[in-house]
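>
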Amino acid sequence: MNLGLGRLRKFFNRPAHGRPVRSWCVVVPRERGEEVRRRLKERNVLERHLKVAEEAGHLFIPTPERVDVGWPATEREFEEAFSPIRSYKDVVRVPEELRPQLPSSFDVVGDIAVLKIPGPLVPHRAEIGRAILAWNRTLRVVAQDRGVAGEFRVRDVEIIAGDRRTTTVCTEFGLRYHVDVARAYFSPRLGSERLRIAGQVRPGETVADPFAGVGPYAILIAKRRRPARVIAADANPVAVDLLRRNTAANRADHVEVREGDARVILKETAPLDRIILDLPHSAMEFLPDALAALRPQGVLHVYGILEDADREERVQAIRNAVRDSGRSVKGIHPHVVRAYAPTQHHVAFDVTVGPRSRRAGSARSPSASRTSRTRRTRDAGRRSGRSARPGAARGRRRRR
Ligand SMILES: C[S@@+](CC[C@H](N)C(=O)[O-])C[C@H]1O[C@@H](n2cnc3c(N)ncnc32)[C@H](O)[C@@H]1O
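Numbering of the sequence shown is given in my numbering, commencing with residue 10 and proceeding in unit increments.
1) Taking contact to mean at least 3 C-beta pairs separated by less than 8 angstroms, is the stretch 198-216 in contact with the stretch 150-169?
2) Can you give me the C-alpha to C-alpha distance between D120 and V338, rounded to a whole angstrom?
3) For M293, tell me which candidate among R174, E321, T177 and I327 has the shortest Cα-Cα distance.
4) In or out: T352 buried (at least 16 other Cβ within 10 Å) or exposed?
5) Tell me the start and end of each unbroken beta strand (DSSP E) in the stretch 300-362 that is at least 3 residues and wholly inside, in chain order.
6) Between V324 and V346, what straight-line distance do the alpha-carbon atoms span, to the nearest angstrom?
7) Who does V157 pair with in a DSSP beta bridge?
8) With a floor of 3 residues, list each beta strand (DSSP E) that falls wholly inside the stretch 244-290, ordered by position along the chain.
9) Between which residues of its own chain and R102 is the CB-CB distance below 7 angstroms, once the five residues before and five after are set aside?
10) Would you give the residue range spanned by the beta strand (DSSP E) that W33 belongs to?
11) Determine, using beta carbons only, whether A237 comes closer than 8 angstroms to chain C.
12) Examine the Cβ distances between the stretch 30-48 and the stretch 75-86 and report whether three or more of them are shorter than 8 angstroms.
13) Anyone know if the C-beta pair for A191 and G222 falls short of 8 angstroms?
14) In chain order, what residues of the same chain lie with their CB nearer than 6 angstroms to the CB of H344, ignoring the 5 residues before and after it?
15) Count the other CB atoms within 10 Å of the CB of V37; is the residue buried (16 or more) or exposed (fewer)?
16) Can you grab the Cα-Cα spacing for the pair T176 / G42, in whole Å?
17) Considering V45, what are the terminal residues of the alpha helix (DSSP H) in which it resides?
18) So, does the stretch 206-222 touch the stretch 141-149, judging by three or more C-beta pairs under 8 angstroms?
19) Can you give me the C-alpha to C-alpha distance between R296 and R253, rounded to a whole angstrom?
20) Give me the residue from G66, W80, I141 and Q110 with the minimum Cα distance to S96.
21) Tell me, which residues are paired with E181 by DSSP?
22) Determine the DSSP secondary structure at L296, reduced to helix, strand or coil.
23) Considering I70, what are the terminal residues of the beta strand (DSSP E) in which it resides?
24) So if DSSP puts V216 in a beta bridge, which residue, or which two residues, is it bridged to?
25) In whole angstroms, what is the alpha-carbon distance linking P129 and L251?
26) Just to confirm the assignment, what range does the alpha helix (DSSP H) spanning R203 have?
27) Report the residue from E167, W80, R185 and P236 whose alpha carbon sits nearest the alpha carbon of A257.
28) Thinking C-alpha only, which one of F161, T180 and R139 is nearest F220?
29) Say whether the stretch 239-248 touches the stretch 261-272, bearing in mind that this needs 3 or more beta-carbon pairs closer than 8 angstroms, one atom from each stretch.
30) Out of V163, F195, P197 and V150, which one is the CA nearest neighbour of R174?
31) Are the CB atoms of V216 and I228 within a distance shorter than 8 angstroms?
32) If you draw a straight line from the C-alpha of I285 to the C-alpha of D218, how long is it?
33) Which residues mark the beginning and the end of the alpha helix (DSSP H) in which I230 is found?
34) Return yes when at least one heavy atom of ligand 1 lies under 7 angstroms from the C-beta of V223, else no.
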């Protein structure tokens, strides 16, 4: 069949509305087009992000490679389809039986896509990466996530497509963060949790974020609230370098950046109104040090990865630690941050701590006036609920 392909090629080499993309295609008479398109789709060799072209009563159906379906194949320029590709799955080429295992979601950190790939799909990881870059043109790197490990909670990643880099800049609530997905912890999934915590900070507080990573809690609090002081620290020197860079990039230079172990940082920076213990797998180990650094009235945000059945036990463990520090829990509110595993959740415990009430220390019934004062204190704790009122607390302490 002579379609004058040379002439047609010349015609179609003119740039159309979108960026012309060269691709293999199958050439079929218009009336057979739908049938052939369906066959190509079934064989998973339909290039869906390109527009089918039509010329001289024939359709040019784009394919990712030379495909033999009983019709001529050729190469030519195509316009990119205007209809957005809904998912990278529309353009990925993996064996049909593995399709159900394709990841349905992944993290996007700046221009890097970070995704977990199930074992059977690992040999196809380069193709998955290619499809993701074809699907979303703002992405420049695709990295396979092989899990977070070690004291610094650093991700083991392998670049599977795009630029060979793990650094990028991402934006969260209008703030820009330099991150290195392979050398310092950062999760874009926790943005709303950071906003929730920042929303509780009251003017004049001294806030410590001793597991700050690259700084997304501390910088958000410093920029969006009016704290007196924000201390941000981490034990990972790479995270601290990025943290310094991020405080400068966001003009949050008043965040005090430190490097070192949380226990030391807490001791050095006490007394504190609010402490964020964002080390979910071992935050409880730091609870006594955090309580020692907290003002008599203050707030702790203690994170945990917990079996659902263990949540009450964790509440009790926190109550015990507070009691052992010589104070009492005025309010404790578990908040589910996200699902972590089928029966596990990432949970935040917002703990409002206050002085031990006289009642708690004695079995004897206090006098009427003492009872009413105790009740007032307790009720105030309940009212403040999810947030402490350290300004008021300091006022009371000063009056005493
Ligand atoms: C789960 S990450 C939290 C990062 C940060 N809060 C965020 O939202 O991106 C925990 C951080 O704690 C740091 N870390 C681990 N053990 C530490 C310790 N003993 N003292 C200080 N930082 C520590 C890790 O390096 C890591 O950056």
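A virtual CB, placed ideally from N, CA and C, is assigned to each residue, including glycine.
What you are looking at is a predicted structure, and each value in this text was computed from that prediction instead of being measured.
So, from the listed chains and residues:
1) no
2) 43 angstroms
3) I327
4) exposed
5) 303-316 and 336-350
6) 16 angstroms
7) R164
8) 264-268 and 281-286
9) N53, P73 and E136
10) V30 to P38
11) Reference to chain C is not applicable here, since this structure consists of a single protein chain.
12) yes
13) no
14) A357
15) buried
16) 45 angstroms
17) G42 to E51
18) no
19) The residue you asked about is not Arg; residue 296 is Leu in the sequence shown. For L296 and R253, the distance between alpha carbons rounds to 26 angstroms.
20) I141
21) L184
22) helix
23) H67 to T72
24) V239 and R283
25) 36 angstroms
26) G200 to A207
27) R185
28) F161
29) yes
30) V150
31) no
32) 5 angstroms
33) P225 to R233
34) yes
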